[in-house]
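Remarks on the structure that follows.
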Amino acid sequence: MMDEVIKDFDREKKEMKLIDENGKRIDGRSAEELRPVKMKVGVLNRADGSAYIEWGKNKVVAAVYGPREAQPRHIQNPLKGIVQARYNMVSFSVTDRKRPGPDRRSIEISKIISEALEAAVITESFPRTTIDVSMEVLQADAGTRCAGLTAASLALADAGVPMKDLVVACAAGKVDGQVVLDLLKEEDNYGQADLPVAIMPKSEEVVLLQMDGHLTQEEFDRALSMAIEGCKKLYEMQKEALKMSVGGE
Ligand code: ADP
């Protein structure tokens, strides 16, 4: 609650200039440019599947366990498997030490990521099971739910879990009155809106869409299509990362 109050207060201040006269953002990017992204699949030996992503200053590791029998039994679905994702920020991931353990924000993010992944996984193939997906944010700089979800779907593919398609996520938003792709921390804090989007790129089905702040209908349409274009670029990187893991190291 307090975090949200502070964030809204920051938005009102709008003191920081985020786009210069040449249209460049504080890290030198243009409006439609992603931060540098690196992905690696199969980084952990003990999990059934895993992936690591560096996205700008974000660093997230994802691990998958299962499908395995869901426990306790009353959570089992006799017709399909369930996906239980857990998003966690480690205490050293942000500037001020984060209090360990779940909070309202991480519970919300875990829920929406579970739903986004469940849309892709062919859960009917393994009734009564659970697939547990754990995301640890080691370093955060805005966009961690997108980074976590993108890494989580790679970890599921690494675990050999059957899916309709990979899930890939990217945000767009509004900064200094302009619609831009992939907000970093200062842009998220002092900008006017943030719109994280996740899709299954083959069908372009949207599996996650949230909005923080205000956009006109026109800005929303532009931000959504910009985020989808960002997702498509990340999808190519995901496929490359999976090929590298099959190549073996
Ligand atoms: P996302 O990381 O998906 O963009 P938010 O918009 O909620 O999610 O958060 C934006 C950024 O704010 C995070 O990436 C992180 O850098 C910072 N942040 C979030 N929660 C905390 C917290 N409890 N303490 C400090 N910084 C935080």
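Going by the working numbering, the first residue of the sequence shown is number 48, and it counts up by one from there. The beta-carbon is built from N, C-alpha and C at its ideal position, and this holds for glycine as well. It should be emphasised that the depicted structure is a prediction, and the values quoted were computed from it without experimental measurement.
In terms of Cβ geometry, D241 and G220 form a close pair [threshold 8 angstroms]. Our two residues, V108 and V88, have alpha carbons roughly 10 angstroms apart in a direct line.
Within the stretch 226-284, the complete alpha helix (DSSP H) runs of at least 4 residues fall at 232-237. Beta-bridge partners of Q123 (DSSP): none assigned. For P114, same chain residues with a beta-carbon under 6 angstroms away, outside a window of 5 residues either side, are G128, F173, T176, I178 in chain order.
When the alpha-carbon of Y134 is set against those of N69, K145, P149, the nearest one is in P149. With contacts defined by Cβ atoms closer than 8 angstroms, A110 and S181 form a contacting pair.
If you compare the alpha carbons of V293, Q225, A202, D223 with that of V214, the shortest gap goes to A202. About 14 angstroms separates the Cβ atoms of L281 and T191, ruling out a contact at the 8 angstroms cut-off. V108 carries a strand assignment under DSSP once its states are collapsed to helix, strand and coil. When distances are taken from the beta-carbon of K158 to the heavy atoms of ligand 1, even the shortest one reaches 7 angstroms or more. Contact between A288 and M86 holds: CB atoms are separated by about 4 angstroms, below the 8 angstroms threshold. Here DSSP, grouped into helix, strand and coil, assigns E68 to coil. At a threshold of 7 angstroms, T170 does not count as near ligand 1, since its beta carbon sits no closer than that to any of the ligand's heavy atoms. Buried is the label assigned to P243, since at least 16 other Cβ atoms lie within 10 Å of its Cβ.
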